[in-house]
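Working notes for the structure below.
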Amino acid sequence: MLLRLFYYKLKEGLRDKSFLGWNLIFPFLLGTVFYAALGHLYNEELNEPINIVIEKMDNTEALHGEWLKKTMPEDQLNSDYVKNMPTAYDMMNETLSKIEYDDGTKMFDIKNVDKKEAEKLLEDDKIEAIINPYDYENIKMEIKKNGIKQSILTSIVTAFREGIDIKEYVKTSGLQGNNKDPYVQYFYNILAMISVMTSCGVMLSVIKTQANYSAIGIRVESSPVSRVLQSFCSMLAMSFLQIVILIVSIIYYVYVLKVDFGCSIKYIFITSMFAAFMGCSLGYMVACVGNASEGLKNAILVGLVTGGGFLAGLMKGDMYIVVEKKFPLINRINPSSIITNAFYTLNMYGANAKYTKSILTMFVYSIIFIAIGMIFRGRRGYASI
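Shown next as structure tokens:
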């Protein structure tokens, strides 16, 4: 029974021209436009120095002394090694000034300015970050926007905190190479957008199985088949279609447009699969909760998709950071932000622990959405059909 319902819902989805148009044709066209407009811009920015300010506080020496007392054995505090140990500021300044790209270009252009001037340069986008090395373990970094250069700096600061040889880290991690194209994030954003947009198609499909919305729903509700099973099969069928569409889109980007996503294609498939499932489960929940009209539910979902997409940075790149600084809770509950963050993490950091956490977050939210939808769908009753 489950397979038969799935099969019929799959056929229904294949006949939905609106669903196929938005979710299949849209990413093909937009991806092609992005490639034509942005495909060669990265080559113009290769090996550009990263402008930064490393701030030296008035009490740098005092902070260094306190850190030594806290971390070094008492019997070694007077040793020549400890006495000659440079401050975190001196060590970072010296190390970063020596790092070069493969072609010999300096990776960092360190500006020697005071705090006030540094903040002005950051605000005017003339530097990428202000680094505050209080000690070897307490290093802060101020940035205005997110991007490839900021991600490189984040990786280096993290490595510095952990006591890793920075020059060796840069060499082995590939930061000196040309494999991190910032414009590829636009293609990740397309995948994120169509993943969350599919919620609208799922909502309309599930609504058709409800008696208070359509004549077809009356026939479905009158059948001996569980209403929860009917609606769940609708969601599964649309999820399957969306995953196939995403796979086709990714294959087009990778093998036709030759977009280098910077990671194994299997991780892009995995991320897209969980993203599509989360988008579909969101549409399922909205369809099942409440008795609002179809038009109102559609308006609510479109508002969630477009508004959430804006807050997630899909329409304005720096918005995710602004929201993270002012209202971080929104990024934790906004489906678009969760999906976007998963793709961003994969793009910038690869398949690491942070990426795994993003995948698990999408899966947990999907289960929550489905559970809420099933509870409301199972409780719905009618005086007469």
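The numbering used here puts the sequence shown at residues 870 to 1254. We put the CB at the ideal spot given by N, CA and C, even for glycine. Source: prediction; values computed, not measured.
Between the stretch 1101-1116 and the stretch 1141-1150 there are three or more C-beta pairs closer than 8 Å, enough to call the two in contact. Across the set Q1054, I1241, G1242, the C-alpha of Q1054 shows the shortest separation from the C-alpha of D1129. DSSP lists K980, I999 as the bridge partner or partners of V922. Taking the Cα of A998 as reference, the smallest distance to any Cα among D1004, L1165, K989 is reached at K989. In terms of Cβ geometry, F1238 and Y1153 form a close pair [threshold 8 Å]. Under the three-state reduction of DSSP, M1010 is assigned to strand. Beta-carbon to beta-carbon, I1000 and M1010 are separated by about 5 Å, close enough to satisfy the 8 Å threshold. Rounded to whole angstroms, T956 and K980 show a C-alpha spacing of 18 Å. Under the three-state reduction of DSSP, K1185 is assigned to coil, being neither helix nor strand. In the DSSP assignment, C1069 falls within the alpha helix (DSSP H) that extends over 1054-1076. The continuous stretches of alpha helix (DSSP H) do not include I968, and DSSP gives it neither H nor E. Here Y958 has K925, T929, P1002 as same chain residues with Cβ atoms under 6 Å from its own Cβ, once five neighbours each way along the sequence are excluded. Within the same chain, V1065, N1203, P1204, S1205, S1206 come within 8 Å of G1177 by CB-CB distance, once the 5 residues on both sides are set aside. Within the model, the alpha-carbon separation for K984 versus D993 is close to 14 Å. Beyond the five residues adjoining it in sequence on each side, I1008 comes within less than 8 Å, by CB distance, of A957, M961, I1000, N1001, P1002, V1026, F1029, R1030 in the same chain, given in chain order. Taking V1097 as the centre and dropping the five residues before and after it, the same chain places the C-beta of M1243, R1246, G1247 closer than 6 Å to its C-beta, in chain order.
The beta carbons of V1071 and C1157 sit no closer together than 8 Å. Looking at the backbone, the Cα of L1198 and that of S948 are separated by about 48 Å.
A check of alpha carbon separations from A1061 across I1012, A1181, I1021, S1074 identifies A1181 as the nearest. Collapsing the DSSP output to three states places K989 in a helix. Contiguous alpha helix (DSSP H) elements confined to the stretch 1166-1216 occur at 1188-1195, 1197-1202, taking only those with 4 or more residues. Taking 8 Å as the cut-off, the Cβ atoms of K1018 and I1134 do not count as close. Contact between T1067 and N1210 does not hold, since their C-beta atoms are separated by about 18 Å, which reaches or exceeds 8 Å. Under the criterion of beta carbons closer than 8 Å, Q1099 and L874 qualify as touching, at roughly 7 Å. Close CB contacts of Y1057 within its chain, under the 6 Å cut and outside five residues either way in sequence, are with F1212, N1216 (chain order). Across the structure, G1159 and G900 are spaced so that their CA atoms are roughly 37 Å apart.
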